[in-house]
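Working notes, beginning with the structure itself.
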Amino acid sequence: MRGISSNMIFSLILGLLIAVAAWPVFVAVNIALAWLMGEGSVIDLWNLEPKRNLVADFIYGYKISAPIAILLGIVAVIDFQLLTRFKTTGYFSGISIILCCIAVAFVFYKNPTHVFTSFVATGLILWLVYKILDIGCRLRRVG
Amino acid sequence: MLRTRLASCFVAATLLTTQTTSADQAILIGGGYNLQGSQGQIELNVRWVQNVIKQANIPVTTFFTDGDAPDADVHYYHVESESSEASAEDELAKQLEPVARLFNNHIQNQQRFRNHQVEDVLGSTHADKLSTALTDLFSSSPDDPSLIIYNGHGKQSKTSVDKVTLELWDNTQLTAEELHGILDHSNASTRFVFTQCYSGGFHRLAYKNPSHGQELASPTRCGFTAESAYRLAEGCSASIESDDYRDYTTFFFAALNGYDRDGEILPIDTDSDRDGVVGLREAHLYTLENAYSTDLSRSTSEDYLGAWEPWYLKWVADTSGLPSNEYAKLFRNVAHEYGIELTGHPSKAIRSMIKMDGQKLESLAARRSALHEELSKIQHSLISEAADKWPALSGPYTAAFQVMAASGEMLSMAQWLSQQPDYQRIVELQNEDSQLSDDMLDVERHTTQMQKLMHFRKLSRLKHQLYQYGSQSEIDAYESLVSCESQPLVFAQ
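Chains as they are written, first to last, in my numbering: chain H, 1 to 143; chain G, 1 to 493.
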C-alpha cells in the first residue's frame with residue numbers, strides 16, 4: 001500500500017515537473033542552439049525588443065503551450081508507470097518524452113527539419129529530468 | 001552613374017508631372033510642443049516636405065505650432081559665418097561667450113528665437129484645435145484619400161502602444177488612439193508618415209481596434225514611422241545646418257523627390273521596380289538601406305508581421321538560410337557595406353560589433369565623466385575668483401545682479417575671464433565634450449546599423465513564415481498593407 005502511494009507521489013511530481021519545465025526548457029534550448037550554431041534570431045530578440053515585451057511573450061508562450069506541456073507530463077507518467085517496472089524496459093524509460101517532442105515538431109511545423117534539432121534537444125533535457133527523478137525514485141526504493 | 005542620375009531625373013519629372021486627382025490631400029502637421037521644444041530643424045523639414053508635396057501637385061493643409069500667431073515659436077542656433085552679417089545680439093553673444101562658458105551656458109548663448117517661416121499655415125497644432133480641424137477636414141471630404149505627415153516630438157507610453165502621443169503646441173497631446181477615432185470620420189484610404197520618437201505606436205491606426213487585435217481597419221490605412229513604439233528617433237538636433245540631417249524625413253522624401261535637401265540629385269535610383277514611379281514603400285526601403293542614423297524605421301506591413309508572429313515560431317532557432325525576399329536583399333546589401341561576411345556566422349559578427357560599440361560607448365562615457373569632473377573643478381575655482389571681484393555674480397536673479405549687468409560689468413567680467421589661464425582649458429574641455437558627444441552619437445548610429453541587420457533578418461524570416469504558416473485572411477491583410485504602402489505620393493485611382 002505504502003509502495004503504491006509513494007509511486008503515485010513520484011508520478012505526480014514527475015508529471016508536474018515535466019509539464020512545468022517543458023516551455024522554459026524549450027526556450028532555453030533554442031537560445032543555447034542559436035548561440036552554439038551562430039544563428040541569431042532568438043538572441044537578437046534581446047537587442048530588438050524591450051525586455052518587458054519579451055517577458056510578456058515568454059509568459060504568453062508558457063500559458064498557450066500548457067496543453068502540450070501537460071500532454072508531455074502525462075506521457076512521462078505513463079512511460080514511468082509502464083517502463084520502469086522491469087529492468088529490461090527500464091533502459092528505455094523516458095524515450096517516449098523524446099519521441100513525443102519530435103511528434104510535436106512534425107504536427108506543428110510545416111518544415112519540421114528546420115526545428116528538428118530544437119525539439120530533439122528539448123526532449124533530451126526533459127528526458128534527463130525524468131531520469132534524475134527515476135534514479136531518485138529507485139534509490140529511495142533501495143534505501 | 002549617368003544612368004542612375006537620368007533615371008532619378010525621370011522619376012522626379014514623373015512625380016512632378018503626374019496629374020493629381022481631386023481625391024488626394026496631404027495634411028502636414030509640424031512643430032514642437034513649446035518654444036524650447038520647437039527646433040529649427042523641424043521647421044526646415046516641414047518647409048521642405050511642403051515644397052515636395054506642392055511640386056507633386058497635391059493640395060496640402062499645413063498645421064504648425066501656434067498657427068499664424070506672430071510670437072516666436074521656433075528656436076535655432078546661430079552659426080557664425082562670413083557670408084551673413086552678425087546682428088547686435090550675435091555680437092553681444094560673442095563678447096559674453098567667456099561668461100557663458102564659465103556657467104556652461106555657451107550653447108544657450110547661441111540660441112535664437114523667432115516666428116516660424118512656414119507658408120500657408122491653416123492653424124495651430126494645439127491638440128484641441130487640431131482635433132477639431134482634422135475632424136472637420138475628414139467629415140467634409142470623407143471620400144478623399146489622405147496622406148498625413150507629422151514632424152515633431154512624441155512621447156512613449158508605458159502601458160499600451162496606442163497611448164503614445166504626438167506632443168503638440170502648448171504642451172498638449174494627441175494619442176494614437178485619439179487620432180484613430182478622428183480617422184474614423186474618413187471613408188477613404190489613409191497613409192501616414194510619422195517621424196517622431198516612439199512613432200511606431202501609430203501603426204495601430206491601421207488596425208480596427210487601436211488597442212489590440214490583428215483585424216485591419218477598413219478602408220486600408222498604412223504608413224511609415226521613423227521608430228518603434230519603444231525607441232527615441234534621430235532628428236530634432238537643434239542645428240540649423242542641413243548638411244548633417246539624417247532623420248527619416250530627410251531620406252524618405254529625398255527618395256520620393258529624387259533630390260536631397262540641398263537640391264542634389266540622389267546618386268541611387270530609388271525606383272527599384274523600374275515602373276517609372278517611386279512608391280512610398282520604395283522610399284522606405286531606400287531609407288532603411290541608406291540612412292546612417294539611430295532610427296530603426298518600420299512600415300505598417302512590417303509592424304503587422306511582428307504582431308502576427310505566432311508564439312511557436314518566436315522562440316525557435318531556425319537553422320534554415322535566409323529566404324529570398326526584399327528584406328534578405330537589404331540584409332545582404334547593408335552587411336556588405338559594413339564588411340560583414342555572409343559566409344560563416346554573420347550573426348556572431350553582428351553581435352560582436354554591437355559588443356565592441358558598447359565598449360566604445362563605455363570608454364567615451366568614462367572619458368566624458370572625467371572631463372566633466374575636471375571642468376567642474378576649474379569652473380568652480382574660477383567662479384569663486386570672479387565672485388570675489390563681482391559679488392553680485394552669486395545671485396543671478398537679484399537686483400544687485402541686474403545693476404551689475406546694466407552697468408556693463410558683464411562685459412568687463414568676460415574680458416577678465418578670457419585673460420585667465422584656466423579659461424583656455426575650459427574652452428578646450430567644452431570643445432572636447434562636444435566632440436565626445438558627436439562620437440557617442442556616431443557609435444550609437446553604428447550600433448543601430450547592426451540592429452538594422454538583425455531587424456532585416458527577422459523581417460525576411462517573418463515574411464517567409466507568414467506565407468508558410470499564416471491563414472489566407474492573414475496573408476490577404478498583409479498584402480493589402482503592402483499594396484497600400486506601394487502607392488506613389490499621388491494615390492492611384
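Backbone N, C-alpha and C define an ideal beta-carbon position, used for all residues, glycine too.
Treat the numbers as computed from the prediction; the structure is a model and nothing was measured.
I want to verify the contact list: residues of chain G whose CB lies under 8 angstroms from the CB of residue i, in sequence order.
{"i": "H/Ile43", "result": "Ser347 and Arg351"}
{"i": "H/Asn111", "result": "Ser320 and Gln468"}
{"i": "H/Val27", "result": "Trp315"}
With a cut-off of 8 angstroms, does the C-beta of residue i fall near any C-beta of chain H?
{"i": "G/Arg457", "result": "yes"}
{"i": "G/Trp390", "result": "no"}
{"i": "G/Tyr312", "result": "yes"}
{"i": "G/Trp308", "result": "no"}
{"i": "G/Ile354", "result": "yes"}
{"i": "G/Met413", "result": "no"}
Determine the contact status of residue i and residue j, defining contact as a CB-CB distance below 8 angstroms.
{"i": "G/His126", "j": "G/Glu43", "result": "no"}
{"i": "G/Gln214", "j": "G/Ala69", "result": "no"}
{"i": "G/Val49", "j": "G/Phe253", "result": "yes"}
{"i": "H/Leu50", "j": "G/Tyr230", "result": "The sequence given here places Pro at residue 50 of chain H; Leu does not occur at that position. Yes; because the gap between Cβ atoms is below 8 angstroms, this pair is in contact."}
{"i": "G/Asp143", "j": "G/Glu234", "result": "no"}
{"i": "H/Asn7", "j": "G/Ser320", "result": "no"}
{"i": "H/Asp145", "j": "G/Lys458", "result": "Past the boundaries of the shown model lies residue 145 of chain H; chain H is included only from 1 to 143, so the question cannot be answered."}
{"i": "G/Phe251", "j": "G/Ala291", "result": "yes"}
{"i": "G/Asp260", "j": "G/Ser293", "result": "no"}
{"i": "G/Ser199", "j": "G/Thr225", "result": "yes"}
{"i": "G/Glu167", "j": "G/Tyr33", "result": "yes"}
{"i": "G/Thr300", "j": "G/Glu485", "result": "yes"}
{"i": "H/Ala103", "j": "H/Leu33", "result": "no"}
{"i": "G/Ser124", "j": "G/Thr65", "result": "yes"}
{"i": "G/Arg47", "j": "G/Tyr76", "result": "no"}
{"i": "G/Ile426", "j": "G/Leu375", "result": "yes"}
Looking at the C-beta of residue i, does it have a partner C-beta in chain G at a distance below 8 angstroms?
{"i": "H/Leu71", "result": "no"}
{"i": "H/Ala103", "result": "no"}
{"i": "H/Ile59", "result": "no"}
{"i": "H/Phe86", "result": "no"}
{"i": "H/Ala56", "result": "no"}
{"i": "H/Met8", "result": "no"}
{"i": "H/Val115", "result": "yes"}
{"i": "H/Ser118", "result": "yes"}
{"i": "H/Ala19", "result": "no"}
{"i": "H/Ile64", "result": "yes"}
Determine the chain H residues that contact residue i at a beta-carbon separation under 8 angstroms, and present them in chain order.
{"i": "G/Ile340", "result": "Residues of chain H passing the Cβ test: none, with the nearest at roughly 12 angstroms."}
{"i": "G/Gln451", "result": "Asn47 and Leu48"}
Give the interface partners of residue i over in chain G, defined as CB-CB distance under 7 angstroms, in chain order.
{"i": "H/Leu33", "result": "Ala317"}
{"i": "H/Phe108", "result": "Tyr312"}
Taking C-beta pairs closer than 9 angstroms, name the residues in chain H that residue i reaches, listed in chain order.
{"i": "G/Arg461", "result": "Ser41"}
{"i": "G/Tyr478", "result": "Residues of chain H passing the Cβ test: none, with the nearest at roughly 17 angstroms."}
For residue i, which residues in chain H fall below 7 angstroms Cβ to Cβ?
{"i": "G/Met454", "result": "Gly40, Asp44, Asn47 and Leu48"}
{"i": "G/Tyr230", "result": "Pro50"}
Next on the checklist: Could you tell me which whole alpha helix (DSSP H) segments of length 4 or greater appear in the segment 141–184 of chain G?
Outcome noted: 176–183
Item to check | Start-end ranges of the alpha helix (DSSP H) lying completely within the segment 403–457 of chain G, minimum 4 residues | outcome: 409–418
Checklist entry - Any chance the segment 453–466 of chain G sits against the segment 166–176 of chain G, with 3 or more Cβ pairs inside 8 angstroms? => result no
Checklist entry - Between the segment 393–406 of chain G and the segment 440–447 of chain G, do three or more beta carbon pairs fall short of 8 angstroms? => result no
Checklist entry - Hey, is the segment 177–194 of chain G in contact with the segment 143–150 of chain G, meaning 3+ C-beta pairs nearer than 8 angstroms? => result yes
Checklist entry - What residue ranges within the segment 79–107 of chain H form continuous beta strand (DSSP E) runs of no fewer than 3 residues, ordered along the chain? => result none
Item to check | Length-filtered (3 minimum) beta strand (DSSP E) runs lying within the segment 186–227 of chain G | outcome: 190–194 and 221–225
Checklist entry - Within the chosen definition, does the segment 96–113 of chain H reach the segment 68–88 of chain H through at least 3 CB pairs nearer than 8 angstroms? => result yes
Next on the checklist: With a threshold of 8 angstroms, are at least 3 pairs of Cβ atoms found where one atom belongs to the segment 267–279 of chain G and the other to the segment 307–316 of chain G?
Outcome noted: no
Next on the checklist: For the structure I just gave you, are there three or more beta carbon pairs, one from the segment 376–387 of chain G and one from the segment 351–367 of chain G, closer than 8 angstroms?
Outcome noted: no
Item to check | Contiguous alpha helix (DSSP H) assignments of at least 4 residues, all confined to the segment 275–310 of chain G | outcome: 280–290 and 300–308
Item to check | Whole beta strand (DSSP E) elements within the segment 57–132 of chain G, 3-residue minimum | outcome: 60–64, 74–77, 111–114 and 121–123
Next on the checklist: Quick test of the definition: if touching needs 3 or more C-beta pairs under 8 angstroms, does the segment 205–213 of chain G touch the segment 69–85 of chain G?
Outcome noted: no
Checklist entry - Using 8 angstroms as the threshold, is the segment 82–99 of chain G in touch with the segment 413–425 of chain G, meaning 3 or more CB pairs across them? => result yes
Checklist entry - Counting Cβ pairs, one atom from each stretch, are 3 or more of them under 8 angstroms apart for the segment 151–161 of chain G and the segment 25–39 of chain G? => result yes
Item to check | Start-end ranges of the alpha helix (DSSP H) lying completely within the segment 39–86 of chain H, minimum 4 residues | outcome: 41–48, 51–64 and 66–83
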